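Enquirer:
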Amino acid sequence: MKLSLCSELEVIRLEAKPLVEQRFRSFVILGSSGTEEELFSELSFCVLTANWSAEKGIKAQQTLGPQGFLSLSLPCLEEELSKVGHRYPSARARFIFENRKLFGHLKDVISLETDQARDFLVKEARGIGWKESSHFLRNVGHEDVAILDRHVVRLMVRYNITSEIPKSWSEKKYIFYESLLRKQSEEFGEPLGKFDLYLWYFVKGRVDK
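The C-terminal position of the sequence shown is numbered 253 in our numbering, with every residue numbered one higher than the one before it.
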């Protein structure tokens, strides 16, 4: 008989918990004490990881640094993203370049209620959909958001939490799938934002961001 998802996660809870707590503490610190430059860098990281990988996104973020995202010309930004091996350097460079209009306002955005902040980012930020906005908000300390990437949704299908992997996300669909995962996180006894990190440890054996 196959175990439930939460039962499987219980097996790795003790070994994962210190890593999860440390990582989430860094998110809270970034959200409460981070500069606008650091927040913009994190937003850009979330733009980069869409259809790429968190691990490669972290390396790109470290290579460019906050000032690279903010000050490089569009051609130079595209060139740097090509150098780090991004799959879509032109599109991602353009999104980051156009998102500079949000610089100076990100502290105000993340101080909003989670739903308000997410709605604003989806509407106003380029290259930021429901998953990416949730990713950014979680990475600055918002707890009640799910990052529904393909690894997470595949787990949801595997453990019969849902029956299909959506081809795209509407607001209604994202919130519905998020509500399904929230039930799992409540059963596990952790908020969604931390629950995602346990899922990552379960799948990858590490806690990325």
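Where is the CB? At the ideal position from N, CA and C, for every residue including glycine.
Since the structure is predicted, the reported quantities are computational estimates derived from the model, not experimental observations.
Note down, one range per segment and in chain order, each alpha helix (DSSP H) of at least 4 residues found wholly within the stretch 115-146.
Expert: Counting only runs of 4 or more, we get 118-127 and 133-142.
Enquirer: May I ask you to report which of helix, strand or coil DSSP gives K211?
Expert: In this structure, K211 counts as coil in the three-state DSSP scheme.
Enquirer: Compute the minimum distance between the beta carbon of I73 and the heavy atoms of the ligand SAH, and state whether it is under 6 Å.
Expert: Because no ligand of any kind appears in the structure shown, any question about the ligand SAH cannot be addressed here.
Enquirer: Given K256, which residues of its chain have a CB within under 6 Å of its CB, disregarding the five upstream and five downstream residues?
Expert: Residue 256 lies beyond the residue range present for the chain, which begins at 45 and ends at 253; the question has no answer from this structure.
Enquirer: If the criterion is Cβ atoms closer than 7 Å, does the pair L239 and I56 meet it?
Expert: Strictly speaking, residue 239 in this sequence is Phe, with Leu absent from that position. Contact: no.
Enquirer: Please say whether I209 and L224 have beta carbons closer to each other than 7 Å?
Expert: No, these two residues do not count as a Cβ contact at 7 Å.
Enquirer: Might you give, ordered along the chain, the residues of its own chain that have their beta carbon closer than 7 Å to the beta carbon of K46, omitting 5 neighbours on each side?
Expert: Cβ neighbours of K46 beyond the five flanking positions: none.
Enquirer: In the DSSP assignment, the alpha helix (DSSP H) including I205 goes from what residue to what residue?
Expert: First-last for I205: undefined, no H or E at that position.
Enquirer: Looking only at its chain, what residues have a beta carbon closer than 7 Å to the beta carbon of P235, apart from the 5 residues adjacent to it on each side?
Expert: Excluding sequence neighbours, P235 sits near E187, D188 and S229.
Enquirer: Just the Cα atoms here: how many angstroms apart are V64 and G185?
Expert: So the two alpha carbons sit approximately 13 Å from each other.
Enquirer: Rounded to whole angstroms, what is the Cα-Cα separation between F128 and I172?
Expert: The question names Phe, but residue 128 in the sequence shown is Val. The straight-line gap from Cα to Cα measures roughly 21 Å.
Enquirer: Roughly how many angstroms lie between the CA atoms of T107 and S85, to the nearest whole one?
Expert: The straight-line gap from Cα to Cα measures roughly 11 Å.
Enquirer: Can you tell me the Cα-Cα spacing of A104 and L125, whole angstroms?
Expert: Cα-Cα distance, rounded: 7 Å.
Enquirer: To the nearest angstrom, how far is it from the Cα of L192 to the Cα of G75?
Expert: Roughly 21 Å between the two C-alpha positions.
Enquirer: Give the range of the alpha helix (DSSP H) segment to which G75 is assigned.
Expert: Element bounds for G75: L49 to S77.
Enquirer: So what's W40 in DSSP terms, helix, strand or just coil?
Expert: Outside the displayed span of the chain (45 to 253) sits residue 40, for which this structure offers no information.
Enquirer: Quick check: what's the CA-CA separation for A8 versus R170?
Expert: For residue 8 there is no data in the structure shown, the boundaries of the chain being 45 and 253.
Enquirer: What do you reckon, are the CB atoms on E222 and A190 nearer than 7 Å?
Expert: Yes, Cβ-Cβ distance for E222 and A190 is below 7 Å.
Enquirer: Where do the ends of the alpha helix (DSSP H) carrying A161 lie?
Expert: Here the alpha helix (DSSP H) through A161 covers T158 to E168.
Enquirer: Determine, using beta carbons only, whether Y242 and L53 come nearer to each other than 7 Å.
Expert: Yes. Within cutoff.
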